[in-house]
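Visitor:
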Amino acid sequence: MNLPAQLTSASMPAVYHCLANENVSGYRVSAWHIYLSYHRKCWKAEFECDNGQCIRPGRVCDGDVHCKDGSDERNCRPEDFAVCGSGARVHRYYWCDGWPHCSDNHADELNCGECGAPGREYRCANTRCLPAANVCDAVCDCLPGCEDELTCTNSTNSTYSITDGVRRCHVGQALWCQVPNRDRRLDRCISEPHICDGYNDCHNGGYLSDEYGCETSTCPGEAAQGGGSRWFRCEDGRCLPPHLLCDHKPDCLHGEDEDNCSRTVCRSNEWLCESGQCITLEARCDLVFHCLDKSDEIGCGMEACKEDSRRCAGGQCVPSGLWCDWIPDCPDGSDEADCERPKECGEGMFRCGSGQCIASRYLCDAAATPRLACADESHLLNCSGHPCGLGLWKCDSGPCLPPSHLCDGQVQCPLTWDDEDHCPFSCSSSAPQCECRDITITCQRLGLQRLPRDIEPQISRFHLSGNFLNFSLDAETFLPYSHLVYLDMSNNSLTVLPSHVFFMLGRLKILDLRSNLLTVMSNSTFLGLSNLRTLDLRENQLSVVEPRVFSSLATLHQLWIDEFRFCCLARRVPHCYPLPDQFSSCEDLMTNGVLRVCVWVLASLALSGNCLVIVWRLLYETDNKVHSFLITNLALGDLCMGLYLLIIAAVDVTYRGVYFIYDAEWRTSPLCQLAGFLSTFSSELSVFTLTVPRLTMAGTRTIMGVVWACVTFLAALPLLDIPYFRNFYGRSGVCLALHITHEKPSGWQYSVFVFLALNLASFSVIAVSYWRMYLAARTSRAAVRNDFQRRESIMARKMTLIVVTDAACWLPIILLGVVSLAGVTIPPQVFAWVAVFVLPLNAAINPLLYTLSTAPFLSKARQRARDVRTSFRWSLSRRATTLSTSPTTVDERTVVLLKPLAGISHSPHLPSPHLTTLRLLAPPTAAHLHHRFPSSRSLCLDHSLSLQETDPNKRLQEDGWVPAQREIIPLCELTNHAPPPLPAHHSRKRHHHELYD
351 MNLPAQLTSA SMPAVYHCLA NENVSGYRVS AWHIYLSYHR KCWKAEFECD
401 NGQCIRPGRV CDGDVHCKDG SDERNCRPED FAVCGSGARV HRYYWCDGWP
451 HCSDNHADEL NCGECGAPGR EYRCANTRCL PAANVCDAVC DCLPGCEDEL
501 TCTNSTNSTY SITDGVRRCH VGQALWCQVP NRDRRLDRCI SEPHICDGYN
551 DCHNGGYLSD EYGCETSTCP GEAAQGGGSR WFRCEDGRCL PPHLLCDHKP
601 DCLHGEDEDN CSRTVCRSNE WLCESGQCIT LEARCDLVFH CLDKSDEIGC
651 GMEACKEDSR RCAGGQCVPS GLWCDWIPDC PDGSDEADCE RPKECGEGMF
701 RCGSGQCIAS RYLCDAAATP RLACADESHL LNCSGHPCGL GLWKCDSGPC
751 LPPSHLCDGQ VQCPLTWDDE DHCPFSCSSS APQCECRDIT ITCQRLGLQR
801 LPRDIEPQIS RFHLSGNFLN FSLDAETFLP YSHLVYLDMS NNSLTVLPSH
851 VFFMLGRLKI LDLRSNLLTV MSNSTFLGLS NLRTLDLREN QLSVVEPRVF
901 SSLATLHQLW IDEFRFCCLA RRVPHCYPLP DQFSSCEDLM TNGVLRVCVW
951 VLASLALSGN CLVIVWRLLY ETDNKVHSFL ITNLALGDLC MGLYLLIIAA
1001 VDVTYRGVYF IYDAEWRTSP LCQLAGFLST FSSELSVFTL TVPRLTMAGT
1051 RTIMGVVWAC VTFLAALPLL DIPYFRNFYG RSGVCLALHI THEKPSGWQY
1101 SVFVFLALNL ASFSVIAVSY WRMYLAARTS RAAVRNDFQR RESIMARKMT
1151 LIVVTDAACW LPIILLGVVS LAGVTIPPQV FAWVAVFVLP LNAAINPLLY
1201 TLSTAPFLSK ARQRARDVRT SFRWSLSRRA TTLSTSPTTV DERTVVLLKP
1251 LAGISHSPHL PSPHLTTLRL LAPPTAAHLH HRFPSSRSLC LDHSLSLQET
1301 DPNKRLQEDG WVPAQREIIP LCELTNHAPP PLPAHHSRKR HHHELYD
């Protein structure tokens, strides 16, 4: 099976698993899939388990299994360890790895077989093999004779020189490597042929090594004109960051980074180094290199030594107490040469592995200074069973530490290093301001314009938010960091993500791109992220997202994005946020078919009912004009709710099947804002109108004017360009701002105030007012209970119905709002039903309660129905009547049909055009006429009357009798002098008061 080279390289440890018939992103082999279980690259001194897991060296063969595969407890026989001079043991895992873990005898690097070619490796007398670059590099690597450095200063092209015991690299011949915070005697001088050869010969953990700045062909900012952030290119081809220029030490092979630098003038109490650096006079010749070029410890033979001091071979002065103390203090080590060592230690003393004697109280004390404890640290061996004193912290390897030494930047727990776990350190020389902890680097809000290129490879979690990386991203940006598992690039002003920018991040699990300026996502943006689990794209300005942008993210489990419509492009993602609102889906604005029907039904009822009420109240005047005026206002408010429902229903039809494409456009459109305004305006006007007290007409009009102004203000305020509201009505697809969910979007406090606080107060006023009205009416009619008992019962039922319908509309909304404020999650289905069915309930029912079910409306409606029915019958009869152009003679079978007499009074004037004739299809019988016209009205069946001979108006005026509208009477009645009785509906007494006129 052939796999890509990048997956099998040593820089990317992996374990291969085969899963039968499982859909896992990876390389396909027949019916099997291969996927990679990655672990970070282990540190140089860590133990790598067989499964790729990394553990500390002190946990190997300690009796406890730390590797999940148990490989740390294998090969634990005595012959599997090399013994150092101090007595420490080195496991065979570390043998012959090119670095001596036994610093005193190099036992773990001996007898490792044949060395490489002479130009590549050098063989010491003790059989150790050295890289050729470490021969004549100013550090003794061949113990005990140091033959690798014996003849290095004799030639004219030597890499370093020794002056007064101080070794300094020759600029132009060798690159000066330093180890930060370490003994400057360990500085190495790497000759030019070994610079940028792919191997770190400085052995300084990557800190300005001979490989630093070699990996890029173009220095960052090299094409820019000027600017303080421009990197510097050395003549040796390496790129250096700006902060290394003019820092008083040569970082380029030829030292050109220190050319043309301004020199400071030292003060009278300072000493000037050869590099131009100023140090205090007290720092001169104190056995510590304060000058970066080490010149402060040269020429010290001319300085007088203090009392009780001894002079080194190089001329430096050492206090007598430090002479032969097992720690070399002279630059040339002459203070530890020719020393007499004790053969036995006294009582209360502990003998170190080197023969040094220390006080027993320092045994297993990791905080003891080197001059009080064993210089070879053998007092820290075999301490697992040693008890620590009160208040001391015990390392996993056994030694004890005071808490003040935790996270002090110095590893003091040998082999387990747990005193510095989760402590900050520097892991990038080009960005030393970044803080590193364990495997995490934090470079937040530092203004970085380019990703550091020298972050240690073990760092797998990058926090880079709050920088300006927009113009530096390309397909090669993350090539050195294929081990990443977490990447935070939020708030970096990113406007575009180049294609394949994440292509090599196959291990990445979490990618955070929040709060950027991204507008476009192409199909190739996320290629390569085969193991991504979480993607955050919130707070961007996405407008174009190509349809297959998420198709390569086979393992994506969570997606956060600003709009749900983009979730429709990632339907395989189990958790995509934001969730759809309570109504919409990827296809439709109204997902539920029942809700869709309810919207149309309620819209039809609200529109037709309230339009009928408005027309009725305008055409027919009543005695209670104040009440009629309020009902008209109520109908106008409820009509707006019908318009709102009609808008939502029409939009649902318009976007059916493709809603997610237009979701954002719809919710931010003026039509959605209008719909939200209408819903709020309608609900608040309806509630406030029912709370208006019954005053005079003028007072009522004034109050309603104020109500209209207040309601308009409440509904229109969120439409203003105020950041607090931020698309207040567009928070859901149906443009409602009800707050009955646990979420708290922008403007939620305003929604609570309007829909909960105000409406609860208004509903309370309505309920109390109607209850008091009922009690007052019941008390006033107690004396005439027999006459008004039936009407009182009707009034009570209607009042109860009014209060119950108001409660059914607003109490659920208020209760759900209170519960949601308490943090309870309301099911989306409940919100949907409340918004579509409960909220518009009053708008559909109010016309029935306040107008359509009242006695005046029903009476007039029945009368109109009779008129229509009679007119219909008359039309049918007229078709059956044959009319001639000659005068018509009417006999006993002829009756007169009176047309409607609009505006007739008690002294009617009935013009002749109101009379017409209707010929009976069959001769009426006396019984039939008697049934229609009582006996008190005389019948003249034996008379014949011509319409031209009789003036009906005259007869009607003489008799003072007015027939009912559209009443059919015999023609002879018009000539009868005896006035007939009034029709029944004119003789009925009119009620003095109608409750719902």
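For the sequence shown, my numbering gives the first residue as 351, with consecutive numbering after it. Don't be surprised by glycine CBs; every beta carbon is placed ideally from N, CA and C.
What's the call for residue 1174, buried or exposed, on a 16-neighbour Cβ count within 10 Å?
Guide: Reading the sequence shown from its first residue, position 824 is the one you call residue 1174. Answer is exposed; the Cβ neighbour count stays below 16.
Visitor: Would you call residue 1094 buried or exposed, if buried means 16 or more other Cβ atoms sit within 10 Å of its Cβ?
Guide: To locate residue 1094, count along the sequence shown from 1; it is residue 744. Exposed, since its Cβ has fewer than 16 Cβ neighbours within 10 Å.
Visitor: Roughly how many whole angstroms lie between the Cα atoms of residue 893 and residue 1018?
Guide: Locating residue 893 in the sequence shown gives position 543, where the first residue counts as 1. Locating residue 1018 in the sequence shown gives position 668, where the first residue counts as 1. Straight-line Cα distance between these residues: approximately 13 angstroms.
Visitor: Determine the extent of the alpha helix (DSSP H) in which residue 948 is found, giving its start and end residues.
Guide: Start at 1 with the first residue of the sequence shown, and residue 948 comes out as number 598. Element bounds for residue 948: 943-969.
Visitor: Are residue 684 and residue 662 touching if we call contact CB-CB under 7 angstroms?
Guide: Against the sequence shown, residue 684 aligns to sequence position 334. Against the sequence shown, residue 662 aligns to sequence position 312. Cβ atoms of residue 684 and residue 662: closer than 7 angstroms.
Visitor: Who are residue 744's beta bridge partners in DSSP?
Guide: Reading the sequence shown from its first residue, position 394 is the one you call residue 744. In DSSP, residue 744 forms a bridge with 750.
Visitor: Quick check on the burial criterion: 16 or more other C-beta atoms within 10 angstroms. Buried or exposed for residue 859?
Guide: Here the question's residue 859 lines up with position 509 in the sequence shown. The residue in question, residue 859, is buried, as its Cβ has 16 or more Cβ neighbours within 10 Å.
Visitor: Take residue 668 as the anchor and find which of 638, 803, 1079 has the nearest alpha-carbon.
Guide: Here residue 668 is taken as the residue at index 318 of the sequence shown, counted from 1. Checked all of 638, 803, 1079; the closest Cα to residue 668 is 638.
Visitor: Just verifying my parser: in three-state terms, what is the DSSP assignment at residue 699?
Guide: Your numbering for residue 699 matches position 349 in the sequence shown. Of the three classes helix, strand and coil, the one that applies to residue 699 here is strand, per DSSP.
Visitor: Taking just the CA atoms, how far does residue 851 sit from residue 640?
Guide: Within the sequence shown, numbered from 1, the residue matching residue 640 stands at position 290. Within the sequence shown, numbered from 1, the residue matching residue 851 stands at position 501. One C-alpha to the other measures close to 44 angstroms.
Visitor: Since residue 454 and residue 434 should fall inside the 8 angstroms C-beta cutoff, what is the C-beta to C-beta distance between them, to a whole number of angstroms?
Guide: What you label residue 454 is simply residue 104 of the sequence shown in a count that begins at 1. What you label residue 434 is simply residue 84 of the sequence shown in a count that begins at 1. Right, their Cβ atoms sit about 6 angstroms apart.
Visitor: Shortest alpha-carbon distance to residue 1188 belongs to which of 674, 1029, 657?
Guide: Start at 1 with the first residue of the sequence shown, and residue 1188 comes out as number 838. Answer by Cα proximity: 1029.
Visitor: When the Cα of residue 491 is compared with those of 512, 803, 553, which residue comes out closest?
Guide: Translated into positions along the sequence shown, residue 491 becomes position 141. Minimum Cα distance to residue 491 is reached at 553.
Visitor: Tell whether a beta-carbon distance below 7 angstroms holds between residue 458 and residue 444.
Guide: To locate residue 458, count along the sequence shown from 1; it is residue 108. To locate residue 444, count along the sequence shown from 1; it is residue 94. Contact: yes.
Visitor: Do you know how far the Cα of residue 1075 is from the Cα of residue 355?
Guide: Translated into the one-based positions of the sequence shown, residue 355 becomes position 5. Translated into the one-based positions of the sequence shown, residue 1075 becomes position 725. Per-residue confidence for residue 355 stands at a pLDDT of 31, beneath the threshold of 50, marking its modelled position as unreliable; the derived number appears in the next sentence. Going by the C-alpha atoms only, they are around 55 angstroms apart.
Visitor: Exposed or buried, residue 917, counting other C-beta atoms within 10 Å across all chains shown (16 or more means buried)?
Guide: If you number the sequence shown from 1, residue 917 lands on position 567. It counts as buried.
Visitor: Which of the three DSSP states is assigned to residue 540 in this structure?
Guide: For this step, residue 540 is matched to residue 190 along the sequence shown. Strand.
Visitor: For residue 717, name the three-state secondary structure that DSSP assigns.
Guide: On the sequence shown, position 367 is the one that residue 717 refers to. The answer is coil: DSSP assigns residue 717 none of H, G, I, E or B.
Visitor: Buried or exposed, going by whether 16 or more other CB atoms sit within 10 Å of the CB of residue 420?
Guide: Residue 420 sits at position 70 when you count from the first residue of the sequence shown. When all chains shown are included, residue 420 counts as exposed.
Visitor: Mind checking who residue 621 pairs with in its DSSP beta bridge?
Guide: Working through the sequence shown from its first residue, we reach residue 621 at position 271. 629.
Visitor: Grab me the residues of residue 477's own chain with a C-beta within less than 6 angstroms of its C-beta, minus the 5 sequence neighbours each way, in chain order.
Guide: Within the sequence shown, the letter at position 127 stands for residue 477. Contacts found: 460, 461.
Visitor: Name the DSSP bridge partner or partners of residue 790?
Guide: For the purposes of this step, residue 790 is identified with residue 440 of the sequence shown, where counting begins at 1. BP columns for residue 790 point to 787, 811.
Visitor: Alpha carbon to alpha carbon, how far is residue 538 from residue 686? Give it in angstroms, no decimals.
Guide: As a first step, residue 686 is located in the sequence shown; it is residue number 336 there, counting from the start. As a first step, residue 538 is located in the sequence shown; it is residue number 188 there, counting from the start. Cα to Cα, the separation comes out at about 22 angstroms.
Visitor: Counting C-beta neighbours from all protein chains within 10 Å, is the total for residue 1047 16 or more, i.e. buried, or is it exposed?
Guide: Stepping through the sequence shown from its first residue, residue 1047 is reached at position 697. Exposed is the call here.
Visitor: For residue 769 versus residue 763, is the C-beta spacing smaller than 7 angstroms?
Guide: Here residue 769 refers to the residue found at position 419 when the sequence shown is read from its first residue. Here residue 763 refers to the residue found at position 413 when the sequence shown is read from its first residue. Yes. Within cutoff.
Visitor: Quick check on residue 653: buried or exposed, where buried means 16 or more other Cβ atoms within 10 Å of its Cβ?
Guide: As a first step, residue 653 is located in the sequence shown; it is residue number 303 there, counting from the start. Its Cβ having fewer than 16 others within 10 Å, residue 653 is exposed.
Visitor: Are residue 681 and residue 413 close, meaning C-beta to C-beta below 7 angstroms?
Guide: On the sequence shown, position 331 is the one that residue 681 refers to. On the sequence shown, position 63 is the one that residue 413 refers to. It is not a contact, given that the beta carbons lie outside the stated cut-off.
Visitor: Nearest by alpha-carbon distance to residue 857: which of 494, 757, 1167, 836 is it?
Guide: Taking the sequence shown and counting its residues from 1, the one referred to as residue 857 is at position 507. Cα-wise, what sits closest to residue 857 is 836.
Visitor: Where does residue 1028 sit, in a helix, a strand or coil, going by DSSP?
Guide: Looking up residue 1028 in the sequence shown gives position 678. Helix.
Visitor: Are there 16 or more other CB atoms within 10 angstroms of the CB of residue 557, so buried, or fewer, so exposed?
Guide: Within the sequence shown, the letter at position 207 stands for residue 557. So residue 557 counts as buried.
Visitor: Can you check whether the CB of residue 604 is closer than 7 angstroms to the CB of residue 620?
Guide: Within the sequence shown, the letter at position 270 stands for residue 620. Within the sequence shown, the letter at position 254 stands for residue 604. Cβ distance not < 7 angstroms, so residue 620 and residue 604 don't count as in contact.
Visitor: For residue 983 versus residue 1054, is the C-beta distance shorter than 7 angstroms?
Guide: Within the sequence shown, numbered from 1, the residue matching residue 983 stands at position 633. Within the sequence shown, numbered from 1, the residue matching residue 1054 stands at position 704. Yes, Cβ-Cβ distance for residue 983 and residue 1054 is below 7 angstroms.
Visitor: Suppose you measure from the CA of residue 597 to the CA of residue 845; what does that come to, to the nearest Å?
Guide: Along the sequence shown, one-based indexing puts residue 597 at 247. Along the sequence shown, one-based indexing puts residue 845 at 495. Their backbone Cα atoms lie some 36 angstroms apart in a straight line.
Visitor: Taking only the alpha-carbon atoms, compute the straight-line gap between residue 1100 and residue 1218 and give it to the nearest angstrom.
Guide: For this step, residue 1100 is matched to residue 750 along the sequence shown. For this step, residue 1218 is matched to residue 868 along the sequence shown. Taking the straight line joining both Cα atoms gives about 52 angstroms.
Visitor: For a quick check, are the C-beta atoms of residue 773 and residue 750 less than 7 angstroms apart?
Guide: Residue numbering aside, residue 773 sits at position 423 when the sequence shown is read from its first letter. Residue numbering aside, residue 750 sits at position 400 when the sequence shown is read from its first letter. No.
Visitor: Please go through the region 1057-1125 and give each complete alpha helix (DSSP H) segment of 4 or more residues, from N-terminal end onward.
Guide: If we require 4 residues or more, the alpha helix (DSSP H) runs fully inside the region 1057-1125 come out as 1098-1102.
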